[in-house]
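Comments concern the structure below.
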Amino acid sequence: MSAKLLMVFLPCFLAGCVSLDQHYDRPKDAVNTTAPTGDAYRTLQGTPANYRDISWQDYVLDAKLRQVVTMALDSSRDLREAVASVKSAHAQYGEQRADLFPSLSAGVSGTRSRALTGEGNQTALSNTYSAEGSVSSFELDLFGKNQSLSRQQYETYLGTLEGARSTRLTVLYNTVDYWLQLAADRSNLAIAKETAESARQSLEVTRKRLENGVDSMVDVAGGAPRTLDFTRADGVPLNAWTLLAGPETSDAPLPLGQAVFIYDLKVERGAQVEVPHLAGYSTWLTLLDGIVTVGEERLLQGDSISEQGALPVLRGERDAIVIAFLVSDGVTFV
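Mapping of the sequence shown onto numbering that gives the first Met the number 0: residues 0 to 333, in sequence order.
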């Protein structure tokens, strides 16, 4: 009778040795998943299909701007905090994953003693060695609860990793943006100063035109207010850039009003221009934003949490296994 019951309940028991987590299917792409084709995209052949294979150095071609971005990434406090959060999440994932396995402990000891034997002062030297090992109690994860907890921590780790990548992209973007704003403002400031200088040099001519009723004094003083406006505008991106990158960037190369391009498009007439491009244009581009990927990892984490409350818990316990042996010279101890 017991054998028949075992044959009936054994398949049911083994059916529980599976994870009950929901399977996540990424939604269908909202845009076309193929790269654009045609004569306009002939130079895109051989470009990486994954945006993660393209570094920011492939986009920032100006040597000074590369140096500025490197200094900003090294000194950003937000980026350091994000990296520390990634390390903490990775450690928590490793700690949670350890619950899938029982805890093992072992110990070895040895003693050396001398004892009296028989009559007189006869002694015997004995050596005693012992070793023991034990397995502590642990939860039998027949229904995948511990695996769900481990996957939850793993998704948390992935979400933190994507958050750190998003922080890095934000620092990179803001640094380039403020640097280009500073270059544009300094160019405008140089133009305003040249305008004011030209107005001062032509003051005598303007006065004569004023005497004849052709011009007014407004034309003479028009360059001065513009100079002050551009001077104030020059400090706004400079202060924002210093706040973002830190005081260590005070010695970084600054734009001096010259034209600055992220893409170097100075080529000979008729030559082909190859610009870095993301082959496989689709929702991969939306994954550049860390908010999208972090949200997806949090969704997977929530699925793992929702399944844990409905899973039964089975615990198994094994008494400590003790292995001991004794070696003695001359005397047998009982």
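Glycine included, each C-beta is placed from N, C-alpha and C at the ideal position.
Beta-carbon proximity of residue i to residue j, cut-off 7 Å
i           : j           : result
residue 104 : residue 129 : no
residue 166 : residue 88  : no
residue 159 : residue 75  : no
residue 101 : residue 59  : no
residue 91  : residue 149 : no
residue 71  : residue 163 : no
residue 106 : residue 138 : no
residue 110 : residue 127 : yes
residue 334 : residue 78  : There is no way to answer for residue 334, as the model of the chain reaches only from 0 to 333.
Exposure of residue i, with buried meaning 16 or more beta-carbon neighbours within 10 Å
i           : result
residue 73  : exposed
residue 145 : buried
residue 153 : buried
residue 62  : exposed
residue 143 : buried
residue 161 : buried
residue 188 : buried
residue 121 : exposed
residue 182 : buried
residue 56  : exposed
residue 147 : buried
residue 151 : buried
residue 184 : buried
residue 157 : buried
residue 2   : exposed
Residue range of the unbroken beta strand (DSSP E) whose run includes residue i
i           : result
residue 68  : Residue 68 -> not in any beta strand (DSSP E); alpha helix (DSSP H) instead, spanning 62-74.
residue 105 : 103-115
residue 132 : 122-134
residue 141 : First-last for residue 141: undefined, no H or E at that position.
Check: residue i C-beta below 6 Å from any heavy atom of the ligand FMN
i           : result
residue 189 : With respect to the ligand FMN, the structure shown offers nothing to examine, as it has no ligands at all.
**Message:** When you compare the segment 65-76 with the segment 164-176, are there three or more beta-carbon pairs, one atom per stretch, that lie closer than 8 Å?
**Reply:** The segment 65-76 is in contact with the segment 164-176.
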